[in-house]
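Once you know that position 233 of the sequence shown is 233 in my numbering, the rest is easy, because the numbers rise by one and skip nothing. Glycine is no exception: its CB is placed at the ideal position from the N, C-alpha and C atoms. Step one of this worksheet: look at the structure below.
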Amino acid sequence: MAVELIDTHTHLDDDAFGDDLEDVIALSRSSGVTRWINVGYSSERWNTTLAMANRVDGMSHMLGIHPGNADDWSNVNADRLAGLIRDTHPVAVGEIGLDLYWREDNLSTQTEALEAQLALALAANLPAVIHMRSAEQPLLNVLSRSHEHPHLHFHSFDGAEGLRPWILERQCTIGVGGLMTRKGSDSLRSWIANLPMDRVALETDSPYLKPQGVRGTRNEPAYLPRVVDDLSELWSVSPEDVRRITTDNACRIFNLNQRDAS
Ligand SMILES: [Zn+2]
């Protein structure tokens with residue numbers, strides 16, 4: 001029996017799964033992907049994420065405010081988030097970060113939300129799951145301002161060169177998924193090939209970031225084994241070793257139970 005996989009970043013409460021979530025979960029399980037970390041990334045999503053995590057066996061959750069929802073950051077929501085972190089046992093604070101690809105004009109709001117949420121993660125002794133797009137230097141500025149950080153896990157890391165030394169030196173980890181399988185990801189792939197294997201957890205970011213060659217309009221947890229095959233080639237180890245290593249890593253990073261393969 002193959003080692004079960006953990007999809008460490010999903011948005012299964014997205015409308016894309018509104019009609020057939022049970023089928024998606026069943027297909028995921030039969031593909032060997034038996035646990036998921038679903039992301040409540042805005043105040044509106046916290047309830048749907050929590051409800052789903054309570055209902056679906058094997059599902060954990062993380063909570064935060066995504067930089068794309070930075071306008072959602074307020075004293076009221078900061079208090080709510082702190083309360084939910086205390087009361088609902090998320091496995092991480094996230095996804096949080098900076099995104100200047102979609103919007104540049106609210107960098108100061110994005111920065112404020114990020115710094116406050118990093119502090120929440122640190123205080124709760126939880127990892128912070130970082131979303132970064134087109135914002136390497138501003139993110140480094142934020143991180144450099146503080147000496148103490150929670151563990152930083154860069155979700156769907158796109159290979160941003162400015163962050164690579166930081167990630168290596170600070171023992172950060174990365175989420176690897178469909179992005180790596182795409183054409184044009186050669187630089188990211190060769191960097192991952194040389195990355196210590198204990199730094200990588202698997203994720204789909206479903207319904208986003210479909211792997212290369214997947215038909216249809218959405219990504220699903222059941223496609224995670226394709227990423228295993230890619231990593232197996234990159235690292236020159238067996239798919240079974242990739243499964244074991246990345247599941248161990250996910251358990252360590254997110255403090256999940258190790259489970260037997262049966
Ligand atoms: Zn996400």
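Tell me where the beta strand (DSSP E) around residue i begins and ends.
{"i": "Ser60", "result": "59-63"}
{"i": "Thr204", "result": "Careful: Thr204 lies outside any beta strand (DSSP E) and carries neither H nor E."}
{"i": "Val142", "result": "That residue, Val142, is in no beta strand (DSSP E); its alpha helix (DSSP H) goes 136-144."}
{"i": "Phe154", "result": "152-154"}
{"i": "Asn249", "result": "Element bounds for Asn249: not the beta strand (DSSP E) but the alpha helix (DSSP H), 239-254."}
{"i": "Glu280", "result": "Shown here, the chain extends from 1 to 262; a query on residue 280 therefore has no answer."}
Out of the options, which has the shortest C-alpha to C-alpha gap to residue i?
{"i": "Met59", "options": "Asn38, His153, Ser43, Trp46", "result": "Asn38"}
{"i": "Asn125", "options": "Tyr101, Arg86, Glu44, Leu224", "result": "Arg86"}
{"i": "Leu202", "options": "Gly178, Asn194, Gln212, Arg215", "result": "Gly178"}
{"i": "Pro150", "options": "Glu95, Thr10, Asp7, Pro127", "result": "Pro127"}
{"i": "Arg164", "options": "Asn194, Arg55, Ser30", "result": "Asn194"}
{"i": "Met29", "options": "Leu50, Arg45, Trp46, Asp57", "result": "Inspection of the sequence shows that residue 29 is occupied by Arg rather than by Met. Checking every option, the nearest Cα to that of Arg29 belongs to Asp57."}
{"i": "Pro196", "options": "Ser206, Leu234, Glu220, Asn219", "result": "Leu234"}
{"i": "Pro221", "options": "Ser236, Arg244, Glu44, Ser31", "result": "Ser31"}
{"i": "Trp166", "options": "Ser187, Leu5, Asp99, Glu136", "result": "Glu136"}
{"i": "Leu118", "options": "Val24, His66, Leu27", "result": "His66"}
{"i": "Asn255", "options": "Ile25, Asp19, Val93", "result": "Val93"}
{"i": "Leu114", "options": "Trp191, Ser236, Asp71", "result": "Asp71"}
Can residue i and residue j be called in contact, C-beta distance under 8 Å?
{"i": "His248", "j": "Pro239", "result": "As written in the sequence, residue 248 is Asp, which differs from the His given in the question. The answer is no: Cβ separation not under 8 Å."}
{"i": "Val200", "j": "Thr173", "result": "yes"}
{"i": "Met62", "j": "Val91", "result": "yes"}
{"i": "Ala160", "j": "Leu120", "result": "no"}
{"i": "Glu95", "j": "His155", "result": "yes"}
{"i": "Ala16", "j": "Pro225", "result": "no"}
{"i": "Val33", "j": "Asp14", "result": "no"}
{"i": "Gly97", "j": "Ile130", "result": "yes"}
{"i": "Arg55", "j": "Glu4", "result": "no"}
{"i": "Gly184", "j": "Phe157", "result": "no"}
{"i": "Glu253", "j": "His153", "result": "Per the sequence shown, the amino acid found at residue 253 is Ile instead of Glu. Yes, these two residues count as a Cβ contact at 8 Å."}
{"i": "Leu21", "j": "Leu12", "result": "yes"}
{"i": "Ala78", "j": "Ala123", "result": "no"}
{"i": "Ser134", "j": "Leu188", "result": "no"}
Quick check on residue i: buried or exposed, where buried means 16 or more other Cβ atoms within 10 Å of its Cβ?
{"i": "Lys210", "result": "buried"}
{"i": "Gly40", "result": "buried"}
{"i": "Tyr223", "result": "buried"}
{"i": "Ala2", "result": "exposed"}
{"i": "Ala250", "result": "buried"}
{"i": "His147", "result": "exposed"}
{"i": "Gln171", "result": "exposed"}
{"i": "Trp73", "result": "buried"}
{"i": "Asp205", "result": "buried"}
{"i": "Thr49", "result": "buried"}
{"i": "Val76", "result": "exposed"}
{"i": "Arg45", "result": "buried"}
{"i": "Asn141", "result": "exposed"}
{"i": "Asn47", "result": "exposed"}
{"i": "Thr217", "result": "exposed"}
{"i": "Asn257", "result": "exposed"}
Since residue i is in the alpha helix (DSSP H), which residue starts that stretch and which ends it?
{"i": "Ala82", "result": "75-88"}
{"i": "Trp191", "result": "186-193"}
{"i": "Arg170", "result": "Where Arg170 is concerned, there is no enclosing alpha helix (DSSP H), given that its DSSP letter is neither H nor E."}
{"i": "Leu234", "result": "224-235"}
{"i": "Met52", "result": "43-55"}
{"i": "Gly178", "result": "178-181"}
{"i": "Ala116", "result": "107-124"}
Contact defined as beta carbons within less than 8 Å: I believe residue i pairs with residue j. What is the distance between those atoms, to the nearest angstrom?
{"i": "Ser108", "j": "Asn69", "result": "That pair is no contact at about 15 Å."}
{"i": "Leu143", "j": "Met132", "result": "Not quite, the Cβ-Cβ distance comes to about 10 Å (not below 8 Å), so this is no contact."}
{"i": "Val214", "j": "Leu231", "result": "Not quite, the Cβ-Cβ distance comes to about 17 Å (not below 8 Å), so this is no contact."}
Comparing the C-beta of residue i with each C-beta of chain D, is any distance below 8 Å?
{"i": "Ser31", "result": "No chain D appears in this structure, which consists of one protein chain only."}
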